[in-house]
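Colleague: Handing you a structure now.
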């Protein structure tokens, strides 16, 4: 049995590697990864097509999927965001993607909110929850406890200006303090809106790393405090808790916006969390985390919770079971 993972991009920093690609080496299955639609022509009875997103060059790929179903090829699609509100997705891309999803046997997704929505949108498909996981255990958060206080944010600022605007009052407050702060940003790109510009700090106060392949990106996350601002809009309400999983897995205490994915994570874990509804709350929580002992306690507790509740091994087991126990039902 062959699993063909057809993704809209095979770039090493693409979200495909977060949702599925990172687990492929540990699955007991033959997995082929491609971004070319002609690859589906070689699939035969008992094989599986794993569809991740859609690229405009694929055209009306949905028209090819009924033939795959007749050949008893199982079709699974993964939806990790509310792509119907995704920046940069035009009408043609959305229409063709939606048509393709209607030809799938199963749809997997990353959050409960997204699952409920997809069950309404695609009543003929079985929708399964496949939560994101905490990255594999790394020896330690390599940030020197005796260095200047380091605040970490990851992402592409030019795609998240509204999210980063939330941090501007915190940045302004920190600019007026006498203790030394270093910001760490992973996701810098020359010629694009920078993290420093987005939150209003001096560039020399920001450690920047470029957009990195997924594994290198995980290795680069470090800091005394992680920041996860999310603006309250439709797209973000269906996002996953991924940033909090990354920080927690490394034992980095975090401050986050009080939005659905982060609130639901705290509820599942029985964790009060440092969730903020207004700008002043970011400052209050940061003041509390200036205490190294508090940071250490919270970091250790979050690390234990994340690896017990949403571990990498649990995700490997989910995908292995889903893909290895396929039952064709046309």
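In our numbering, the protein residues as written are 533 to 862. Beta carbons are placed, not taken as given, at the ideal position from N, Cα and C, and that holds for glycine. From a predicted model like this one, the values you see are computed outputs, not experimental measurements.
State the CB to CB distance for the pair residue 683 and residue 731, rounded to an integer number of angstroms; the pair is presumed to be in contact (CB under 8 Å).
Modeller: Contact between residue 683 and residue 731 does not hold, since their C-beta atoms are separated by about 10 Å, which reaches or exceeds 8 Å.
Colleague: Hey, quick one: how far does the beta strand (DSSP E) through residue 742 stretch, first residue to last?
Modeller: 738–742
Colleague: Whole angstroms are fine: how far does the CA of residue 704 sit from the CA of residue 554?
Modeller: 38 Å
Colleague: Three or more C-beta pairs under 8 Å: does that hold for the stretch 810–824 against the stretch 833–844?
Modeller: no
Colleague: Using a Cβ distance threshold of 8 Å, determine whether the stretch 649–657 contacts the stretch 632–641, with at least three qualifying pairs required.
Modeller: As far as the Cβ criterion goes, the stretch 649–657 touches the stretch 632–641, which means the pair count is three or higher.
Colleague: Taking all protein chains shown into account, decide if residue 804 is buried (16 or more other Cβ within 10 angstroms of its Cβ) or exposed.
Modeller: Flag for residue 804 reads exposed.
Colleague: Quick check on residue 630: does DSSP put it in helix, strand or coil?
Modeller: helix
Colleague: Could you check which residue in 569, 833, 595 has the C-alpha nearest to that of residue 801?
Modeller: 833
Colleague: Between the alpha carbons of residue 563 and residue 852, how many angstroms are there, rounded?
Modeller: Going from the Cα of residue 563 to the Cα of residue 852 covers about 11 Å.
Colleague: At 3 residues or longer, what runs of the beta strand (DSSP E) sit wholly inside the stretch 667–737?
Modeller: 681–686, 713–720
Colleague: Taking 7 Å as the threshold (C-beta atoms), are residue 757 and residue 821 in contact?
Modeller: yes
Colleague: Taking buried to mean at least 16 other C-beta atoms within 10 Å of its own C-beta, is residue 709 buried or exposed?
Modeller: exposed
Colleague: Roughly how many angstroms separate the alpha carbons of residue 609 and residue 798, rounded to a whole number?
Modeller: One C-alpha to the other measures close to 28 Å.
Colleague: Would you say residue 842 and residue 663 are within 7 Å of each other, going by their C-beta atoms?
Modeller: yes
Colleague: Please work out which residues of its chain come closer than 6 Å, Cβ to Cβ, to residue 694, disregarding the five sequence neighbours upstream and downstream, and give them in chain order.
Modeller: 763
Colleague: Below 8 Å, how does it come out for the stretch 604–618 and the stretch 727–743: are there three or more Cβ pairs, yes or no?
Modeller: no
Colleague: In chain order, what residues of the same chain lie with their CB nearer than 6 Å to the CB of residue 539, ignoring the 5 residues before and after it?
Modeller: The residues are 548, 567, 584.
Colleague: Output the boundary residues of the beta strand (DSSP E) element that contains residue 638.
Modeller: 638–641
Colleague: Measuring CB atoms only, is the stretch 612–627 touching the stretch 570–583, in the sense that at least three cross pairs come out at less than 8 Å?
Modeller: Contact annotation: the stretch 612–627 does not touch the stretch 570–583, with fewer than three C-beta pairs closer than 8 Å.
Colleague: Any idea what DSSP makes of residue 860, helix, strand or coil?
Modeller: For residue 860, the predicted structure reports a pLDDT of 44, less than 50, and the residue's modelled location is therefore unreliable. The matter cannot be settled from this model.
Colleague: With a CB to CB cut of under 8 Å and the five nearest residues on each side skipped, what residues in its chain are close to residue 603?
Modeller: 575, 576, 577
Colleague: Rank 626, 856, 690, 661 by C-alpha distance to the C-alpha of residue 718 and give the top, closest one.
Modeller: The option with the nearest alpha carbon to residue 718 is 690.
Colleague: Measuring alpha carbon to alpha carbon, tell me which residue in 806, 783, 759, 746 is nearest residue 714.
Modeller: The shortest Cα separation from residue 714 among 806, 783, 759, 746 belongs to 759.
Colleague: I'd like to check one pair, residue 551 with residue 588: are the Cβ atoms closer than 7 Å?
Modeller: no
Colleague: Under three-state DSSP, which class holds residue 854?
Modeller: helix
Colleague: Skipping 5 residues on each side, what residues in its chain have a beta carbon closer than 8 Å to that of residue 628?
Modeller: 586, 588, 590, 591, 592, 593, 594
Colleague: CB residue 787 to CB residue 806, shorter than 7 Å?
Modeller: Contact flag set, yes.
Colleague: Could you tell me which residues DSSP puts in a beta bridge with residue 652?
Modeller: Bridge partners of residue 652: none, in fact.
Colleague: Do residue 849 and residue 614 count as a contact pair if the criterion is CB distance below 7 Å?
Modeller: Taking 7 Å as the cut-off, the Cβ atoms of residue 614 and residue 849 do not count as close.
Colleague: Can you name, in chain order, every residue of its own chain whose Cβ lies under 7 Å from the Cβ of residue 744, other than the five neighbours on each side?
Modeller: So the qualifying residues of the chain are 545, 718, 752.
Colleague: Kindly indicate which three-state DSSP category residue 604 falls into: helix, strand or coil?
Modeller: The answer is coil: DSSP assigns residue 604 none of H, G, I, E or B.
Colleague: Specify, as a first and last residue, the run of the beta strand (DSSP E) that residue 562 falls within.
Modeller: Residues 562–566.
Colleague: Starting from residue 820, follow the alpha helix (DSSP H) in both directions and report where the run begins and ends.
Modeller: 811–821
Colleague: Between which two residues does the beta strand (DSSP E) holding residue 786 run?
Modeller: Residue 786 -> beta strand (DSSP E) spans 786–789.
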